[in-house]
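Read the structure below first, then the notes.
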Amino acid sequence: MSSNQSKASSLFSLLLICILHLVTEVTSKSYYHSDLVLDFLCESRSIPIFVRDVPWDCTSYVVCVQGQAIHTQCPATKLFSWTGQVSKCMPSAEVDTSRCKGQICGYITEICKVNPTARIPCHDSCSRFLDCSLSSAGTLPSSANEGPQFVDYLLECPYPLLFSPATGACQHHSFVTCRDKFEPKAPCDYAQYLQLYNCADHGCNDCIKHHPSCLQLSDGVHPVPLRPDVMMKCQQERTVDFITCPPGYRFASRNASNCVRF
């Protein structure tokens, strides 16, 4: 090997070490599944080192080093811009996230093939995730309008929990950052309730009637619309409990906590 080739090889090795150190340091602080194997995203180009998007996730990108994908998260206030002119993390308001919407369904089979125990946040709601350990289709339709058509691996956290990419588990909403995804708060924001009434979306009256919302309400007890015998307890815009009068009784007033016979 010539001296020039030796120097080039040494420089490449040094560059590789620097990249691995930098990315490992960033990824260790990431809330996303840092161990996800995404090498298949690096197979499309022959150059040894390049940066590219994660097609289904605008909050992160991968550094491809000789076919190995190093998954890296953008800072909390930024998203990854992937255009012909720009390939970097930019302020969230400046990034078009439409390119990531719905893309996960096209990649989930490949992802789960090499990550059989992975749990991946879904693009459309902070309460949904894809669980690669499932041996059959998930329990949710890809959208309410699709009726019985189910998406492989798709699950939803019990209300009012949200999915935490940091732990791979459903947790209290105060421990989860939804970033660019929809954060469900009302019971009927969850498919588990919509399915009970064959509802197509969270504005469905049949669902709301049985599972009222605390959206835009202060913490504490509030009357349930059209139900003088029921009060609901709200906490951070979540419906956390109900207080019901015995049969034949109703609350004395819309702001009262005592039941009276009517």
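If you use mature numbering (1 follows the signal peptide of the UniProt record, and there is no 0), the sequence shown corresponds to residues -28 to -1, 1 to 234, in order. C-beta atoms are modelled at their ideal positions from N, C-alpha and C, and glycine is treated no differently. Since the model is a prediction, treat every value here as computed from it, not as a measurement.
L198 sits exposed, since fewer than 16 C-beta atoms from the chains shown fall within 10 Å of its C-beta.
Around the beta-carbon of P47, fewer than 16 other beta-carbon atoms lie within 10 Å, marking it exposed. A straight line joining the alpha-carbon of C84 with that of R100 spans about 16 Å. Looking at the backbone, the Cα of R210 and that of V232 are separated by about 27 Å.
In this chain, T55 is not harboured by any beta strand (DSSP E), its DSSP state being neither H nor E. Within a 10 Å sphere around the beta-carbon of S53 sit 16 or more other beta-carbons, which makes this residue buried. By the neighbour-count criterion, in which 16 or more other beta carbons inside 10 Å mark a residue as buried, A172 falls on the exposed side.
Annotation: the segment 122 to 170 contains the following complete segments of the alpha helix (DSSP H) (minimum length 4 residues), in chain order: 163 to 166. Contact annotation: L127 and D161 have beta-carbon atoms that are not nearer than 8 Å.
Sequence-distant partners of D11 (beyond 5 residues in either direction) whose C-beta falls short of 8 Å from its own C-beta, in its chain, are G39, Q40, A41, V86. Among the bridge pairs identified by DSSP, K205 is matched with V193, D213. Looking from the CA of Y165, the closest CA among T49, M62, H183, F214 belongs to H183.
About 4 Å separates the beta carbon of C186 from that of C206, a gap short enough to meet the 8 Å contact definition.
Among the bridge pairs identified by DSSP, S32 is matched with Q45. In the three-state scheme derived from DSSP, where H, G and I count as helix and E and B as strand, F234 is classed as coil.
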